[in-house]
Amino acid sequence: MFDKAKEGYVNLMPAHHKHSKNPGDSKEMMQSRRAFLESGHYQKLQQQLANTVQQSIANSIANPLENSQQPTILDIGCGEGYYTNEIANVLGESAQVYGLDIAKVAVRYASKRYANCHFSVASSYKLPFNDHSLDAIVKVYAPSKQEELLRCLKPGGVLVTVTPGARHLYQLRERIYQEVRLHEEQADEFAGLELIEQAKLNYSMQLVEGQAFELLQMTPFAWKASPELQAELKQCASFDCEADFNIQTYRVI
1 MFDKAKEGYV
11 NLMPAHHKHS
21 KNPGDSKEMM
31 QSRRAFLESG
41 HYQKLQQQLA
51 NTVQQSIANS
61 IANPLENSQQ
71 PTILDIGCGE
81 GYYTNEIANV
91 LGESAQVYGL
101 DIAKVAVRYA
111 SKRYANCHFS
121 VASSYKLPFN
131 DHSLDAIVKV
141 YAPSKQEELL
151 RCLKPGGVLV
161 TVTPGARHLY
171 QLRERIYQEV
181 RLHEEQADEF
191 AGLELIEQAK
201 LNYSMQLVEG
211 QAFELLQMTP
221 FAWKASPELQ
231 AELKQCASFD
241 CEADFNIQTY
251 RVI
């Protein structure tokens with residue numbers, strides 16, 4: 001039996017499954033990500049992702065007007081709920097939207113802020129959902145286990161993923177690495193799922209007043225950045241950087 005925390009989330013992460021006392025992103029990383037996301041630079045991705053999920057569900061549910069059940073969506077690796085909340089807003093009360101993450105600090109924040117979603121601290125490698133119970137799973141950069149995705153999706157259910165495009169954050173990466181390699185753009189393959197749609201989202205971001213540092217802190221590149229570069233980005237008044245995303249939609253075969 002699991003109890004709800006006062007913020008409204010459920011902790012489904014057994015202590016023996018943790019590799020550290022507080023797994024997932026740190027409070028500092030979460031705060032940097034939240035500050036950057038609230039600046040609106042990823043709003044285009046947020047909106048396109050939510051619209052993709054809405055359209056995919058509409059196309060996957062047979063006779064949706066006759067279907068009395070609410071579609072159920074899970075956002076794995078949801079963090080502070082930035083994308084989860086937008087998906088819930090777009091789908092409205094016709095859907096049950098869940099988010100999970102191993103970072104307790106992020107889930108606590110999401111639960112306090114977004115009452116229209118259901119959040120839990122849990123692992124994406126062991127999803128706390130019944131077999132064939134989800135109409136859609138959303139995966140933004142999150143790790144996952146293919147068998148778990150397929151187990152939880154309903155027949156005809158969809159998986160929507162976001163992966164970095166070839167030039168994602170190129171200008172930031174060239175400040176860190178002597179030789180910048182473009183990201184691989186080949187779509188992932190998932191056993192039991194077929195790729196039915198691909199979309200690309202590419203645009204330039206004009207970062208101001210230290211936003212480049214916030215962006216750095218929410219990426220794995222932060223571990224590679226020198227203290228000098230971090231200090232420079234903190235004081236940076238203007239920094240242009242490319243955002244490049246691939247959005248893929250898969251359907252259960």
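Here UniProt numbering is used: the first residue of the sequence shown is 1, the next is one more, and so on.
A virtual CB, placed ideally from N, CA and C, is assigned to each residue, including glycine.
_Using CA atoms only, rank isn't needed, just tell me which of Lys27, Phe213, Pro155 is closest to glycine 79._
The count along the sequence shown starts at 1 and reaches residue 79 at position 79. Minimum Cα distance to glycine 79 is reached at Lys27.
*Taking the C-alpha atoms as reference points, what is the distance between histidine 19 and leucine 12?*
As a first step, residue 19 must be located in the sequence shown, where it is residue number 19. As a first step, residue 12 must be located in the sequence shown, where it is residue number 12. Summary for histidine 19: the model assigns pLDDT 45, below 50, so the residue's position carries little reliability; its value from the coordinates is reported in the next sentence. Their backbone Cα atoms lie some 15 Å apart in a straight line.
*asked:* Just to confirm my understanding: we take asparagine 22, look at its own chain, exclude 5 residues before and 5 after, and list those with CB closer than 6 Å. What are they?
replied: In the sequence shown, counting from the first residue as 1, residue 22 sits at position 22. Legend: pLDDT at asparagine 22 = 47, less than 50; position of this residue unreliable, no value from coordinates given.
_Beta-carbon proximity list for glutamate 86, same chain, < 8 Å, skipping 5 on both sides_ = Here residue 86 is taken as the residue at index 86 of the sequence shown, counted from 1. These residues qualify, in order along the chain: Gln46, Gln47, Leu49, Ala50.
*Can you tell which of Gln54, Ile102, Leu169, Met29 has the C-alpha that lies nearest to the C-alpha of valine 90?*
Within the sequence shown, residue 90 is the residue found at index 90, counting from 1. The shortest C-alpha separation from valine 90 is found at Gln54.
*DSSP state of glutamate 197, grouped into three classes?*
One-based indexing of the sequence shown puts residue 197 at position 197. Here glutamate 197 sits in strand by DSSP.
*In whole angstroms, what is the alpha-carbon distance linking leucine 229 and arginine 173?*
To locate residue 229, count along the sequence shown from 1; it is residue 229. To locate residue 173, count along the sequence shown from 1; it is residue 173. The straight-line gap from Cα to Cα measures roughly 11 Å.
*Check each candidate in Arg34, Ser39, Ile76, Ile253 and name the one with the smallest Cα separation from threonine 161.*
As a first step, residue 161 is located in the sequence shown; it is residue number 161 there, counting from the start. Closest option to threonine 161, Cα to Cα, is Ile76.
*Kindly indicate the opening and closing residues of the alpha helix (DSSP H) around serine 120.*
The count along the sequence shown starts at 1 and reaches residue 120 at position 120. No alpha helix (DSSP H) holds serine 120; the beta strand (DSSP E) holding it covers 118-121.
*Use the C-beta contact count for isoleucine 247: other C-beta atoms within 10 angstroms, 16 or more gives buried, fewer gives exposed.*
Taking the first residue of the sequence shown as 1, we reach residue 247 at position 247. Answer is buried; the Cβ neighbour count reaches 16.
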